[in-house]
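Worksheet: one structure, shown below.
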Ligand SMILES: [Zn+2]
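Residue numbers (the numbering used here): 708 to 1051.
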């Protein structure tokens, strides 16, 4: 139900032949737009003061494709397929935190809601414990989970500059593949820099089209209200792959019981038009996949391939040097790695 898909439909309609149909379609369009505005008025539209359902998420607008699909839960054997939208909602976008996410913040269950310990009813901000938790890396060195009770206390003090994170090489990080280090909990929310438990190998699309609008919404909510947000960000891997297929993000505003902010989504770690080997981190763009076979120089010892003009290619010992005529995709799918210097 994104605005984008709405206008896509309009385009199809207005492509019709006769002018009469066109005029009719335009009229219809105006009516639909009018009706939509009316409905937005009633539901609060893109106000961040909405909760619970996927409609309340302001993320998927304008620049982003928005969400269309919804899945009941994340099944590691049947992960949602990327279909052009930057995320899908999970469970109708209703967060489903493990209990410890609440209890670490000093919340206890009271009927269908949560209250601060020692409070008769509702949440007393002063009794909340803001915190951040970063799960240990797994046996393969992969990030597992990050969650916390975020508030002004966990955010960087004003004037604070972001630190360098270049020292961290998250699992699946491959050189010269345009990867970005993606924070599970954004710096602006956590003031965490080079924390290896908080950085995964992510695409620009995951960072900017998937996660950032949700992070900004959370940040704005906290700035505007001074309230706290339970927040969880969990990379989702397929089997033993080194690079996550996506990130499950959840948020729930504490003091107002989720009225101000509430979501549960799965953001795709993809680059539209490119194919990604999630085991090796090697990305093949559509242009690269369409490239004709050409001459490459392979270092059979390191498994790295170069353009023949690369300095690195000239330095390969004779016994390890092999010249082949192949496409880039043929070489990467045989397990060879493109040189980080000549970037074939
Ligand atoms: Zn090279």
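C-beta atoms are modelled at their ideal positions from N, C-alpha and C, and glycine is treated no differently.
Among all the DSSP beta bridges, which residues are the ones paired with residue 956?
Answer by DSSP bridge pairing, in chain order: 940 and 972.
Count the other CB atoms, across all protein chains shown, that sit within 10 Å of the CB of residue 808; report buried if there are 16 or more and exposed otherwise.
Its Cβ being crowded by 16 or more others within 10 Å, residue 808 is buried.
May I ask you to report which of helix, strand or coil DSSP gives residue 870?
The answer is coil: DSSP assigns residue 870 none of H, G, I, E or B.
According to DSSP, residue 984 sits in a beta bridge with which residue or residues?
Paired residue(s): 989.
Could you please go through the chain and list the residues whose beta-carbon is closer than 5 Å to any non-hydrogen atom of ligand 1?
The set, ordered by position in the chain, is 1013, 1017, 1019, 1046, 1048 and 1049.
Return helix, strand or coil for residue 1045, following the three-state DSSP convention.
Strand at residue 1045.
Buried or exposed for residue 967, going by 16 or more other Cβ atoms inside 10 Å?
Buried, by the Cβ-count rule.
According to DSSP, is residue 1028 helix, strand or coil?
Strand at residue 1028.
Distance check for residue 864 and residue 800, CA to CA, integer angstroms please.
Roughly 31 Å between the two C-alpha positions.
Quick check: residue 974 and residue 854, are their CB atoms within less than 8 Å of each other?
The answer is no: Cβ separation not under 8 Å.
Nearest-angstrom Cα distance between residue 658 and residue 923?
Since the first residue of the chain shown is 708 and the last is 1051, residue 658 is not available in this structure.
In chain order, what residues of the same chain have a beta carbon less than 7 Å from the beta carbon of residue 754, not counting five sequence neighbours either side?
Confidence is the limiting factor: at residue 754 the pLDDT is only 33, short of 50, which leaves the residue's position unreliable, though a coordinate-based value still follows. Nothing listed; no residue qualifies.
Taking residue 961 and residue 942 to be in contact with their CB atoms under 8 Å, please state how far apart those CB atoms are, rounded to whole angstroms.
Not really, about 24 Å apart at Cβ, beyond 8 Å.
How would you write the range of the alpha helix (DSSP H) that residue 895 sits in, first residue to last?
894-897 is the span of the alpha helix (DSSP H), which, as asked, contains residue 895.
Name the DSSP bridge partner or partners of residue 796?
Answer is 777 and 972, bridged to residue 796.
Using CA coordinates, which residue listed in 816, 964 and 881 is at the minimum distance from residue 934?
Checked all of 816, 964 and 881; the closest Cα to residue 934 is 964.
State whether the stretch 982-997 contacts the stretch 823-831, with contact taken as three or more CB pairs (one from each stretch) at a distance under 8 Å.
The stretch 982-997, when compared against the stretch 823-831, does not touch it at the 8 Å Cβ threshold.
Alpha carbon to alpha carbon, how far is residue 1044 from residue 872? Give it in angstroms, no decimals.
Each residue's alpha carbon lies about 24 Å from the other.
For the beta strand (DSSP E) containing residue 890, name the first residue and the last one.
Element bounds for residue 890: 887-890.
Taking the C-alpha atoms as reference points, what is the distance between residue 908 and residue 791?
Cα-Cα distance, rounded: 20 Å.
If distances are taken between C-alpha atoms only, which option among 1029, 1041, 1025 and 992 comes closest to residue 1050?
The candidate whose alpha carbon is nearest that of residue 1050 is 992.
Thinking C-alpha only, which one of 897, 978 and 1001 is nearest residue 1015?
Comparing Cα-Cα distances from residue 1015 to each of 897, 978 and 1001, the minimum goes to 1001.
List the endpoints of the continuous beta strand (DSSP E) containing residue 841.
Its beta strand (DSSP E) spans residues 838-841.
In whole angstroms, give me the CA-to-CA distance for residue 1031 and residue 780.
Between residue 1031 and residue 780, the C-alpha separation is close to 46 Å.
Tell me the DSSP secondary structure of residue 822 in three-state form.
Looking at residue 822 - three-state DSSP - the assignment turns out to be strand.
Any idea what DSSP makes of residue 1035, helix, strand or coil?
It is helical.
With DSSP collapsed to three states, give me the class of residue 908.
Residue state, collapsed to three classes: strand.
Assign residue 890 to buried or exposed, taking buried as 16 or more other Cβ atoms, counted over all protein chains shown, within 10 Å of its Cβ.
Classification for residue 890: buried.
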